[in-house]
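Reading through the structure tokens given below for one structure.
Protein chains in written order, with my numbering: chain A, 3 to 329; chain B, 73 to 437.
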């Protein structure tokens, strides 16, 4: 996936002279995950360069650049490092089009390597999607496959909305044979990754692969599970997910982030509103514990894995208990 | 062998603690070793813009008292800083104003009614920034300063000679975003002048509780920038210093901080209670250093203007005030449907549903 993102950046920079890539360490080093590898040596410092170490300044200058016709792609290096830029994102980046009644558009992409599972120390493993998705005016997207990583990053750079592009960093090393350049489905559409009839697993970013693994295991136990990859978290394509849940009648939303007040709550609430009469059990959420991100030696207990997902699927089958619980 | 420390820029000189002054408070010329006052025609233009600006401030404050504006942060007493800085810009340059800089915007050419759209509560910004080369008026402090750095960076990449003037207050210099913008501007060597209007009070907090720097212009030195102190009630001096700083920045000399020492005569906004934090004597002291009276005295002494011309300036100010009043008299009908149109490039399905819902609600009324 990291290589696909790298190719997407190369192709975008080559095709459009207004695309600039910058951030801390993205130049000669190629980024700490090497996602910007080779950009500076191929296209020069004009197109990909190291900036001062200051996230708010990086996003703030990107806003100014976009006001004058560039299409900046900036990197935040790690999820929790982006918080100093939060005001620029919510107060300016997300609102400029609206404030100026469409006179100023900001085609800025903020690349945020996010999530855990790589043994990172504190501040290197946050799942910060809920902070961004709560902000109208932003597109928040996250690819779950290498093909999507390429296609969605190209699309994010080309679109005239600001995009928070969440890169599931533990999937940087995921491999998939992809003939590049590839164009997958439009990024605002959710996609069924695996068709099934019994339960819908709703996942995104790093959890897509885990959900697919869970579905495979469940298949060996005779359960046919559908996996939907949300892809663009905001604005949310609830129609596609609702269609899936109406077919299966059962749904589990899976994400790495803490469950309380998390993105899964939004998905569950919408599905309840839209599919209530089709549901055979409550929409369940599987996610991280409601704790600050733990140290690397304990993160496996926080992050949802196949077992926790399958346990939730099992709970959906306890139809008699739901009924028994009624007064 | 590669050395990590390849910095070779000259160390910028310490700013003088004595503000540049070209006209004293009695309207007499004041000699300065480095700066000279602009031509009489420019001095007259500065005065005219200040007369219009003052009238605009009064009219807007009245509209706020009448409830026609939700709020108005007056710049009464700061007209020289705003007008002096803006009139130093070329026709290609951009202005990045904060909420107290309506007079600067009007001087820059923004339609006076469009300038007040934000305070009237009609929309969060009432003008097309590209049309006026004026960024939306910024309410969070110092956050638009890095936008100016990015914009001038982009302009240079596109081969255009564009500089920017960022207006900020003394309180804004304490914000982290001020630091990041100064640093980016200096490292990227972009043509930005940060004009700090030190009006002595960030709402109720005096400047000595805001910063321990000898002057706010001294902050420039740490970033490798030049810093200038100027008498902010002397429009001639502000104009000369900002123009000089812009020219240096255009020539590759790097950005600069200009601290204009001025005073906010009016409250922070119409809902402020300044008597709780400052003495009437202090206000009186600054009122005696009024920027308009000073320039008028100079122009009269040197016979650049006479009663007739001054009356014309007053009438120009009155015309602006009347137009603002009249155009604001009617209650414009705002279209609730417009709430949904410019959130994203295209209205997403979920918002389209809310748009229809609101339309239904309105029909039901």
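A virtual CB, placed ideally from N, CA and C, is assigned to each residue, including glycine.
In this structure, what does DSSP give as the bridge partners for residue 260 of chain A? Paired residue(s): A:290.
Helix or strand or just coil, what does DSSP make of residue 135 of chain B? Helix.
Please check the pair residue 118 of chain B and residue 311 of chain B, which I expect to be a contact at CB under 8 Å, by giving their CB distance rounded to whole angstroms. With a Cβ gap of about 6 Å, residue 118 of chain B and residue 311 of chain B count as contacting.
When Cβ atoms are compared, which residues of the region 216 to 227 of chain B fall closer than 7 Å to chain A? For the region 216 to 227 of chain B, the set of positions with a beta-carbon nearer than 7 Å to some beta-carbon of chain A reads 218, 219, 220, 221, 222, 223, 225, 226, 227 in chain order.
Cβ of residue 257 of chain A versus every heavy atom of the ligand PLP: is any distance shorter than 6 Å? Although the ligand PLP was asked about, the structure shown includes no ligands whatsoever.
Shortest alpha-carbon distance to residue 394 of chain B belongs to which of B:198, B:242, B:96, B:127? A check of alpha carbon separations from residue 394 of chain B across B:198, B:242, B:96, B:127 identifies B:127 as the nearest.
Cα-Cα, which of B:383, B:426, B:116 is closest to residue 412 of chain B? When each option's Cα is compared against that of residue 412 of chain B, the closest is B:426.
May I ask you to report which of helix, strand or coil DSSP gives residue 101 of chain B? Note: residue 101 of chain B maps to strand in three-state DSSP.
Interfacial residues, the region 88 to 111 of chain A to chain B, with Cβ spacing under 8 Å: Here the close residues are 89, 90, 93, 94, 97, 98, 99, 100, 101, 102, 103, 104, 105, 106, 107.
Counting Cβ pairs, one atom from each stretch, are 3 or more of them under 8 Å apart for the region 224 to 232 of chain B and the region 191 to 207 of chain B? Counting C-beta pairs closer than 8 Å gives fewer than three between the region 224 to 232 of chain B and the region 191 to 207 of chain B, which falls short of the contact rule.
Under a Cβ-count criterion, where at least 16 other Cβ atoms within 10 Å of its own Cβ denotes burial, should residue 123 of chain A be classed as buried or exposed? So residue 123 of chain A counts as exposed.
Which chain A residues are close to residue 267 of chain B, counting only those with a beta carbon under 9 Å from its beta carbon? Counting only Cβ-Cβ distances below 9 Å, residue 267 of chain B has no contacts in chain A at all, with the closest Cβ about 17 Å away.
When you check each C-beta in the region 38 to 62 of chain A against every C-beta of chain B, which residues fall closer than 9 Å? Cβ contacts with chain B: 48, 53, 54, 56, 57, 58, 59, 60, 61, 62.
Using a beta-carbon distance below 7 Å, is residue 252 of chain B in contact with chain A? Output row for residue 252 of chain B: interface = yes.
Measuring alpha carbon to alpha carbon, tell me which of B:188, B:265, B:213, B:197 ends up nearest residue 133 of chain B. That would be B:188, whose Cα lies nearest to the Cα of residue 133 of chain B.
Going by DSSP, which residues form a beta bridge with residue 202 of chain A? According to DSSP, residue 202 of chain A bridges with A:228, A:253.
Can you give me the Cβ contacts of residue 314 of chain A inside the same chain, cut-off strictly under 7 Å, excluding the 5 residues immediately before and after it? Same-chain partners within the cutoff: 254, 286, 288.
Against chain B, does residue 281 of chain A count as a neighbour if the rule is that its beta carbon must be under 7 Å from one of theirs? By this cut-off, residue 281 of chain A is not an interface position.
With distances taken Cα to Cα, identify the nearest neighbour of residue 96 of chain B among B:368, B:417, B:392. Of the candidates B:368, B:417, B:392, B:368 places its Cα closest to the Cα of residue 96 of chain B.
7 Å CB neighbourhood of residue 270 of chain A in its chain, flanking five on each side removed: Excluding residues within five positions, the ones whose Cβ falls inside 7 Å are 255, 285, 287.
Run through DSSP, which three-state label would residue 372 of chain B get? Of the three classes helix, strand and coil, the one that applies to residue 372 of chain B here is helix, per DSSP.
CA-to-CA distance, residue 332 of chain B to residue 216 of chain B, given in whole angstroms: Answer to the nearest angstrom: the Cα atoms are 19 Å apart.
Comparing alpha-carbon positions, which option in B:98, B:267, B:245 lies nearest residue 281 of chain B? With distances taken between Cα atoms, residue 281 of chain B lies closest to B:245.
On a Cα-Cα basis, can you pick out the residue from A:216, A:179, A:225 that is closest to residue 200 of chain A? Here the closest residue by C-alpha is A:225.
How many angstroms separate the CA atom of residue 405 of chain B from the CA atom of residue 105 of chain A? Straight-line Cα distance between these residues: approximately 21 Å.
Beta carbon of residue 258 of chain A nearer than 7 Å to that of residue 300 of chain A: No, the pair does not count as a contact, with Cβ atoms beyond the cut-off.
Selected residue, minimal CA-CA separation from residue 203 of chain A, among A:174, A:97, A:292, A:245: Measuring from the Cα of residue 203 of chain A, the nearest candidate turns out to be A:245.
Taking the CB atoms as reference points, tell me whether residue 110 of chain B and residue 376 of chain B lie closer together than 7 Å. Not closer than 7 Å, so no.
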